[in-house]
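**Q** Just passing along the structure, written as C-alpha cells.
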Amino acid sequence: MSRYNFKTSEAKWQRRWRERRTFASHHAPARPKYYVLEMFPYPSGNLHVGHVRNYTMGDLVARYRRARGYNVLHPMGWDAFGLPAENAAIAGGIHPAIWTAENIATMRAQLERMGFAYDWSREIATCHPEYYRHEQKMFLDFLAKDLAYRKESWVNWDPVDHTVLANEQVIEGRGWRTGALVEKRLLAQWNLRITKYSDELLDALTRLERWPERVRLMQEHWIGRSHGARVQWTLTDGKTTIEVFTTRPDTLYGAAFLALSPHHPFAEALGSDNPALAEFIAECDRIGTSEEAIETAEKRGFRTGIEAIHPLDKSRRVPVYVANFVLMEYGTGAVFGCPAHDQRDLDFARKYELPVVPVVLPPKADPKSFAIEDVAYVDDGTIFNSSFLNGLSVAEAKRTVGERLEALELGQRTIAYRLRDWGVSRQRYWGCPIPVIHCADCGIVPVPESDLPVKLPEDVDFDTPGNPLDRHPSWKHVACPKCHKPATRETDTFDTFFESSWYFLRFCSARAPTAFQREAAEYWMPVDQYIGGVEHAVLHLLYSRFFVRALKECGYLDLDEPFAGLFTQGMVCHQTYQNAEGEWLFPEEITSDPAGRPIDESGRPVLAGRLEKMSKSKKNVVGLDTIVDTYGADTARLYLMSNSPPERDLEWTETGIEGAWRQVNRLWRMVSEPSVVLPPADSPMPDSLDPALIKVRGLIHKTIAAVTEDIDKFRFNRAVARLYELTNALEDVRGEKLGAGAVLREGLETLARLLGPMMPHLAEEMWQELGHETMIADTPWPRADADLARDEQVTIAVQVNGKLRATLDLPRDAAANEVEEAALALPQVTRLLDGKAPRKVVVVPNRIVSVVA
RNA sequence: GCGGGCGUGGCGAAACGGUAGACGCAACGGACUUAAAAUCCGUUCUCCACAAGGGGGUGAGGGUUCGAGUCCCUCCGCCCGCACCA
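Mapped onto this note's numbering, the consecutive letters of the first sequence carry residue numbers 3 to 855.
Listed below in C-alpha cells is the structure:
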C-alpha cells in the first residue's frame, strides 16, 4: 500500500512551475483579463492558518480562471510598514528594516511551500523607497488639488502606541491594535479630504453588485448621510447667532432648549469669562475619556443663563446649555432639543425640568389628552401645536418649514454626513515620511518633486519613547526649498493604510518608474476578485475607494472603483483551554487524571474553552510549518476548503486534517494502483458500455458542471463534496464490466483536472501518472457534456396530501399524463384514495407528483 | 438603542418552494493482522415494529401553498457591525 510522497512531489512541481515561469502574467490587451488579489499580509513573522485559508481561496480562483482561458494577474506583496516592527526594535534592539526583511523572507518561503500560483516577479514591499516614493508624489498632487490639508483638531490618541488614530481605527473607544482607551488630543495633523466624495462613495455602493451586502451596509452607515436643515437662532445678547443642524425641522415648535458642544467656539468664548463653565468644559474632556463615562454616558448640561429666541416665534425663548453629549465634529456642533420627539432630549429635559410640548400627534390620538411620559414619540403623525404647520404630516412639515426658513433667510435644508476626513499623520518612525518642510518664513513648503523620495534615516535610536525622527540629530534639519533658510522636515509619517490604498495599482506594473503605468493599470483594473477579512469593511476598503477617486482627479488614471468583486472569508478557529484561574494553556500542557478528566501539569482541572480565532495569547495557534511537514500543502489546502462555507468560520481539528490526508492518499492510490487496467491516454471511449458505467460517466459530467458552478459561486466546500462523491463512485468501478478501464480513465483524468486549482501538486502528479507529458497548470478546464450528464431514468417522488408515499422510476421527460397514471396506480396511492377520484393532481416534470385525496 | 445575519443529527454541514440530513468528522459492528496502525465492508435523525410498514422531526407559534428548512407574520435565542450622529 503506497503512500503519497508529498515531500518530493510538492517540491518537484513547485520547482517546475518556477523554472517555466508558469504563473508570470503579461500585459496582453487582446486577451480577457482576470485580476485575483488577496489582501496582502503584514510581515509579522509567520504565516498562520488564517492567512493560508485566504490565499488558498485566491489561488483556487486564480488557477481556475487560468484554466478557463483568462489572462490572470495574481500577485503577492508585503504591507511592510507598521508598529510591530518598531516595537520589536524597542524590545529587541533589531532595526525595523532588518526585522521586516527577515520576516518577509520567512513568510515568502512559507507561501512558496504552499504552492501558490503567484507572479513573484511583481512582488512589492511597501517599506522600500521604490514603493513609497510614489505615494509621496501622490501626496504632493493631493496637496495641489486641495485633497490634502493640515488642520488642528481633536484627535484620537493611543497612549500605548504613542500615536494618533483615524476614526476608523477606534473600536468602542479603544485603539484597534492596542485595545487601549483612546484619549482626545488637540493636534495639528494632515488630513485627506475623503468627505469631498461622500455622496459618490455612498451612491456608488449600489453598483458594487459583487460585494457582500453587509460590507456595503457598513460603509453606508459609516458615511451616514442625513437630510435635514440648518436653523439660525439669535441669542438674547442681541449679537450672537447660533446655527444648529437638525433632521427634524418639523418639530421646531417643540423646541425646549439649545445645546452647544463644549468645543463650540461660543461655548469656549463664554467659558473664558466664566470659571464655572470653563471647569464644566474641562470636566467634559476629562470624563470623555474615562471608562466610566463611556459606560454610564450620563447626559449633563451647563446652563449658560443666556436664552435663544425662537426663529419662527420671536415671543418664545429657550435656555442655552453647554452639554457633554453634543459633538463638535458633526453638523454644526449645536442642536435644539425637542424632548417630546427625541429620547435623549427627553431625558435631558426631565433632568433639568424643561417643558415637554408634543408637536407630532400619533394617528388616532386625542390632541387634548396626548402627553409624553417616559418615551419620546418618534414616528410619523400629524403636526399640531405648531402654527402654520398644523395638520401636516411629518414629511410635509419638513418641506414646508424648510421653505419658510429659506424664505426668511433663517436657515436652509441641507445634508450632514457622519464621515469625517481621514487623518493620516502618525507620530512614528516606521512609515512613509510626509514630504513637507516647515519653514518659519514660508510656512508649509512641499518637498520639490526632484528631491523625492524623502527616505527614512537608518541610524535611529529607540531607547526613549516617542518619535525617533523627531529627535534624530540631523535628518529633519534642511534648507527651505523656497527661501533656503534653515527649516525642518515634517517628522510625522503616514498612516500605513496609505500604502495599502493603492498597492493593487502598483502590481499592474510593479517595476514602473512612476507609481504605475497607466495602460497596464487600465488593462488589469479593477480587481475582479478581491479576498480578505471583513475587519477591513470600512478601513482599507473605504480608503482604497477614496484613493482611486482622488487619483482620477489628479489625472493618474480613469477608474471608478478598485474592487469589482469582493469576498470576505471567515476566520480559522481552534479549541482553547483554560485553567481555573482563567490562564490559557497549550494543548501539550494538558494530560488527564485517572478518571479521564483533563488536568494541567500540576494536577489542576482544565476547562475546554470555546472556539476562538487562533491567536498567540490564547495559545491555540497551529503552526503552519508543522502542518505542511506532516501532511503536505495539498492536504492543508483541501482541508481549508472543505467542511465549512468560505464566508463562515472554520474549526481547525486534528481529525479533520487527517480526513483530508486520507482523501489525498485515496486519490493517489486510485491512479498509482488502479483497480482496472487503464487504456493508454487519449484512447477513444468504446462504443458500448455496461449500464452501470453509463451512470458513472453521467456522474463524471454532472460533477464537472457542478464543480464549475460551485467555484463560480464561491461554494468551495460543496465542490469538495462533489469531488468526494465522484471519487467514491470511481472506487466502485471494477474490471469485469465492459469499458471499465476507459470510464475509469475518463473519471480519473477529470478528477485530476478538477482538483488542479485546489490541490495543484497532487493533480500534476496524478496527471503525470496517467501518462501525460503536459501539465495540469496548462490544461484547459474540462467541459461537461450535457448529453452525458443527463439521466435517462429519473426518480419521481409521489406525495399524497403533502406526504411522501412512494417513488417512481420512469424514463426522463415522460408525459405528464403517463406519470400521473403511473402514480395513481401505485398501491400506496390507491389505498389512500380508497376508490375515490383524487381532487387534484400536480405533476412537476421529472420531480414530483402531488396527489390531493 | 439602531442596522444586519443566523438557528437543520453527537459535530462541521447539504438541500432551483418539490424524496430533509448529500459530503466529511466522530461513534459502533465486522474483515484483514500475533497485535496495532493503515486499509476495506456495514450501521448511525427519532419513536412503534421481528419484519413489512407506519408516526414524528429543520428554535417556538401561526399563515400562504397541492407541497415550506426555504416565502409572510409574531415570539425566543445566538452572532456581527455602529453607537450620545441631533
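All C-beta atoms in this analysis are idealised placements derived from N, C-alpha and C, irrespective of residue type, glycine included. Being a predicted model, the structure only gives us computed values, none of them experimental.
#1: Gly339 to Ala409, Cα distance in whole Å?
#2: With distances taken Cα to Cα, identify the nearest neighbour of Tyr199 among Pro784, Leu149 and Pro515.
#3: Under 8 Å between the Cβ atoms of Leu701 and Leu728?
#4: Grab the span of the beta strand (DSSP E) containing Gln112 for me, first residue to last.
#5: Tell me, which residues are paired with Gln414 by DSSP?
#6: Output the boundary residues of the alpha helix (DSSP H) element that contains Phe141.
#7: What are the start and end residues of the beta strand (DSSP E) that includes Glu309?
#8: In angstroms with no decimal places, state the Cα-to-Cα distance between Ser619 and Glu585.
#9: With a Cβ-Cβ cutoff of 8 Å, do Leu541 and Phe569 count as a contact?
#10: Could you have a look at Thr291 and say whether DSSP puts it in helix, strand or coil?
#11: On a CA-only basis, which of Asn105, Gly84 and Pro455 is nearest Tyr134? Give me that one, please.
#12: Alpha carbon to alpha carbon, how far is Arg5 from Thr781? Give it in angstroms, no decimals.
#13: Ordered along the chain, which non-local residues of its own chain (more than five positions away) have a Cβ less than 8 Å from that of Gln414?
#14: Secondary structure at Phe338, three-state DSSP: helix, strand or coil?
#15: Taking the CB atoms as reference points, tell me whether Ile866 and Ala336 lie closer together than 8 Å.
#16: Can you check whether the CB of Trp424 is closer than 8 Å to the CB of Phe83?
#17: Do the CB positions of Arg110 and Asn73 come within less than 8 Å of each other?
#18: Apart from the five residues just before and just after Val845, which ones in its own chain have a Cβ nearer than 6 Å to its Cβ?
#19: Grab the span of the alpha helix (DSSP H) containing Pro321 for me, first residue to last.
#20: Would you decide whether Ser27 is buried or exposed? Buried here means 16 or more other CB atoms lie within 10 Å of its CB.
#21: Count the CB pairs spanning the segment 436 to 455 and the segment 362 to 376 that are closer than 8 Å, and state whether there are at least three.
#22: Which of the three DSSP states, helix, strand or coil, is assigned to Cys286?
#23: Alpha carbon to alpha carbon, what distance is there between Pro86 and Ala731?
#24: Look up Phe259 in the DSSP assignment and give the residues it is bridged to.
#25: If you reduce the DSSP assignment to three classes, tell me which class Asn169 lands in.
#26: Going by DSSP, name the residue or residues bridged to His479.
#27: Can you tell me the Cα-Cα spacing of Asn848 and Arg807, whole angstroms?
#28: Using alpha carbons as the reference points, say which of Arg717, Ala824 and Asp627 lies closest to Arg650.
#29: Could you pull the start and end residues of the beta strand (DSSP E) that Tyr57 belongs to?
#30: Tell me the start and end of each unbroken alpha helix (DSSP H) in the segment 482 to 544 that is at least 4 residues and wholly inside, in chain order.
#31: Closest to Glu751 by CA distance: which of Val722, Gly741, Trp783 and Leu740 is it?
#32: Whether or not the segment 344 to 352 and the segment 369 to 389 are in contact is what I'm after, with contact meaning three or more pairs of Cβ atoms, one per stretch, closer than 8 Å; do they touch?
#33: Report back the beta-carbon spacing between Val574 and Trp663 to the nearest angstrom; my notes put them in contact at under 8 Å.
#34: Beta-carbon separation of Gln191 and Ser502 under 8 Å?
#35: Going residue by residue through the segment 570 to 641, where are the continuous beta strand (DSSP E) segments of at least 3 residues, counting only ones entirely within it?
#36: If you pair each beta-carbon of the segment 204 to 221 with each one of the segment 628 to 646, do three or more pairs fall below 8 Å?
**A** For this structure:
#1: Sequence index remark: in the first sequence, residue 339 carries index 337 (1-based). Sequence index remark: in the first sequence, residue 409 carries index 407 (1-based). Looking at the two C-alpha atoms, the distance is approximately 23 Å.
#2: Start at 1 with the first residue of the first sequence, and residue 199 comes out as number 197. Taking only the C-alpha atoms, the option nearest Tyr199 is Leu149.
#3: Working through the first sequence from its first residue, we reach residue 701 at position 699. Working through the first sequence from its first residue, we reach residue 728 at position 726. The answer is yes: Cβ separation under 8 Å.
#4: Taking the first sequence and counting its residues from 1, one reaches residue 112 at position 110. Unbroken run through Gln112 is the alpha helix (DSSP H), Pro98 to Arg115; no beta strand (DSSP E).
#5: As a position in the first sequence, residue 414 is number 412, starting the count at 1. DSSP, once it has assigned bridges, lists Arg232 as partnering Gln414.
#6: Walking along the first sequence from the start, residue 141 turns up at place 139. Segment Pro131 to Ala146, the alpha helix (DSSP H) holding Phe141.
#7: One-based indexing of the first sequence puts residue 309 at position 307. Counting along the chain, the beta strand (DSSP E) containing Glu309 begins and ends at Gly303 to Ile311.
#8: The residue you call residue 619 lines up with position 617 of the first sequence. The residue you call residue 585 lines up with position 583 of the first sequence. Approximately 10 Å between the Cα atoms of the pair.
#9: As a first step, residue 541 must be located in the first sequence, where it is residue number 539. As a first step, residue 569 must be located in the first sequence, where it is residue number 567. Cβ atoms of Leu541 and Phe569: not closer than 8 Å.
#10: In the first sequence, counting from the first residue as 1, residue 291 sits at position 289. Summary for Thr291: the model assigns pLDDT 48, below 50, so the residue's position carries little reliability; its value from the coordinates is reported in the next sentence. In this structure, Thr291 counts as coil in the three-state DSSP scheme.
#11: Position 132 of the first sequence, counting from 1, holds the residue named residue 134. The option with the nearest alpha carbon to Tyr134 is Pro455.
#12: In the first sequence, the residue the question calls residue 781 occupies position 779. In the first sequence, the residue the question calls residue 5 occupies position 3. C-alpha separation (whole angstroms): 26 Å.
#13: Taking the first sequence and counting its residues from 1, one reaches residue 414 at position 412. The answer, listed in chain order, is Ala231, Arg232, Gly404, Leu407 and Glu408.
#14: Sequence index remark: in the first sequence, residue 338 carries index 336 (1-based). Residue state, collapsed to three classes: strand.
#15: Residue 866 lies beyond the residue range present for the chain, which begins at 3 and ends at 855; the question has no answer from this structure.
#16: Taking the first sequence and counting its residues from 1, the one referred to as residue 83 is at position 81. Taking the first sequence and counting its residues from 1, the one referred to as residue 424 is at position 422. No. Outside cutoff.
#17: For this step, residue 110 is matched to residue 108 along the first sequence. For this step, residue 73 is matched to residue 71 along the first sequence. For Arg110 and Asn73, no; Cβs fall outside 8 Å.
#18: By one-based count along the first sequence, residue 845 stands at place 843. Around Val845: Ala818, Val821, Glu822 and Val851.
#19: By one-based count along the first sequence, residue 321 stands at place 319. Counting along the chain, Pro321 falls outside any alpha helix (DSSP H), though it belongs to the beta strand (DSSP E) covering Arg319 to Ala325.
#20: What you label residue 27 is simply residue 25 of the first sequence in a count that begins at 1. By the neighbour-count rule (16 or more Cβ atoms within 10 Å), Ser27 is buried.
#21: Under the three-pair Cβ rule at 8 Å, the segment 436 to 455 does not count as touching the segment 362 to 376.
#22: What you label residue 286 is simply residue 284 of the first sequence in a count that begins at 1. Helix, per DSSP.
#23: In the first sequence, residue 731 corresponds to position 729, counting from 1. In the first sequence, residue 86 corresponds to position 84, counting from 1. Between Ala731 and Pro86, the C-alpha separation is close to 51 Å.
#24: Stepping through the first sequence from its first residue, residue 259 is reached at position 257. The partner list for Phe259 (beta bridge, DSSP) reads Gly339.
#25: Indexing the first sequence from 1 puts residue 169 at position 167. Three-state result, Asn169: helix.
#26: Working through the first sequence from its first residue, we reach residue 479 at position 477. In DSSP, His479 forms a bridge with Thr490.
#27: As a working mapping, residue 848 is identified with position 846 in the first sequence. As a working mapping, residue 807 is identified with position 805 in the first sequence. Cα to Cα, Asn848 sits roughly 17 Å from Arg807.
#28: The residue labelled residue 650 in the question sits at position 648 within the first sequence. With distances taken between CA atoms, Arg650 lies nearest to Arg717 out of Arg717, Ala824 and Asp627.
#29: One-based indexing of the first sequence puts residue 57 at position 55. Taken as a continuous stretch (DSSP letters only), Tyr57 belongs to no beta strand (DSSP E), being part of the alpha helix (DSSP H) at Val51 to Ala69.
#30: 499 to 502, 505 to 508 and 520 to 526
#31: Within the first sequence, the letter at position 749 stands for residue 751. Nearest C-alpha to Glu751: Trp783.
#32: yes
#33: Your numbering for residue 574 matches position 572 in the first sequence. Your numbering for residue 663 matches position 661 in the first sequence. 18 Å between Cβ atoms; not a contact.
#34: Position 189 of the first sequence holds residue 191. Position 500 of the first sequence holds residue 502. No.
#35: For the segment 570 to 641, whole beta strand (DSSP E) runs of length 3 or above, ordered along the chain, are 574 to 576, 579 to 581 and 608 to 610.
#36: Segments in contact, no.
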